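Novice: Using full-length UniProt numbering, the letters of the sequence shown correspond one by one to residues 1 to 207.
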Amino acid sequence: MIETPAPEGLRARKRRATENAIEMASAGLALELGFENVTVEAICDRADVSRSTLFNYFPSRDAAIVGRPIPVLGGDEAAEVLAQTPGDLTRGIYRLIFASIGHSHVNSDVARLRGRLVTEQPAARRVGMILLIESGERLMAEAARWLRAHPDLARLPGQPEREASLAVNAAYTALTVMAGGWLSSIGDVQASEAAFDAAIAELRAVL
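1. Considering residue 38, what are the terminal residues of the beta strand (DSSP E) in which it resides?
2. Got a sec, what are the start and stop residues for the alpha helix (DSSP H) residue 206 sits in?
3. DSSP three-state call for residue 88: helix, strand or coil?
4. So is residue 108 in contact with chain B if we call contact Cβ pairs under 8 Å?
5. Enumerated in chain order, which unbroken segments of the alpha helix (DSSP H) with a length of 4 residues or greater are wholly contained in the segment 96 to 181?
6. Within the same chain, show all residues whose beta-carbon is closer than 8 Å to that of residue 110, passing over the 5 residues directly before and after it, in chain order.
7. Where does the unbroken beta strand (DSSP E) through residue 189 begin, and where does it stop?
8. By Cβ distance, which residues of its chain are closer than 8 Å to residue 46, with the 5 residues on each side in sequence left out?
9. Answer with buried or exposed for residue 194, where buried requires no fewer than 16 other C-beta atoms within 10 angstroms of its C-beta.
10. Quick check: what's the CA-CA separation for residue 206 versus residue 50?
Next comes the structure, spelled out in structure tokens:
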């Protein structure tokens, strides 16, 4: 469960520290030099990592700068997560996102840099949107598969793709609302279900 995550081991903390160092270096360089002018060598030098380490953590230079696509769990693994909240697909998608990432920590310092970057530089914004859409499509595919396997749980009978699309977009919107809190924090913060509930409540209040 996202609310009661297992304590992180030393190895996991070290891995996240390296990941955050690469992200901070990448986004910082992009703000200084421009998204298109950042080289892999410059990122490695600032983050003090090897080229092989960089690509062990991120599939590309672009992903290091604006964020990697979510490695969405598929098949039985995704179904197991979605089965935790059979009457609430949007919550299930939220859980699937963090189950796929492997943790529910968000580094607020990285989030602030990337927020500035996509606001100030259209090239970074375009790439970020492409990666976001790729992840969204994978999430929608798993949600639609779940709904086809469990038609009795559908809110829009006979429309699994549409319901999946709406649920994923609702989860993304809730995360956008939650990001406001992350940007005003320092260091790592937890993406909790309490914050998710608060975001959904705010969205319902204006709908």
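Where a beta carbon is used, it is the ideal one built from N, C-alpha and C, also for glycine. All values derive from a computational prediction rather than experimental measurement.
Specialist: On the basis of the data shown:
1. Per DSSP, residue 38 belongs to no beta strand (DSSP E) and is neither H nor E.
2. For residue 206, the enclosing alpha helix (DSSP H) stretches over residues 193 to 206.
3. Looking at residue 88 - three-state DSSP - the assignment turns out to be coil, as it is neither helix nor strand.
4. Checking the listed chains, one finds no chain B in this structure; it contains a single protein chain.
5. Listed in chain order, the complete alpha helix (DSSP H) runs (minimum 4 residues) inside the segment 96 to 181 are 108 to 120, 122 to 149.
6. Same-chain partners within the cutoff: 20, 23, 24, 27.
7. 188 to 190 is the span of the beta strand (DSSP E), which, as asked, contains residue 189.
8. Within the same chain, residue 46 has close Cβ partners 25, 28, 29.
9. Residue 194 counts as exposed, since fewer than 16 other beta carbons sit within 10 angstroms of its beta carbon.
10. Spanning the two alpha carbons is a distance of roughly 48 Å.
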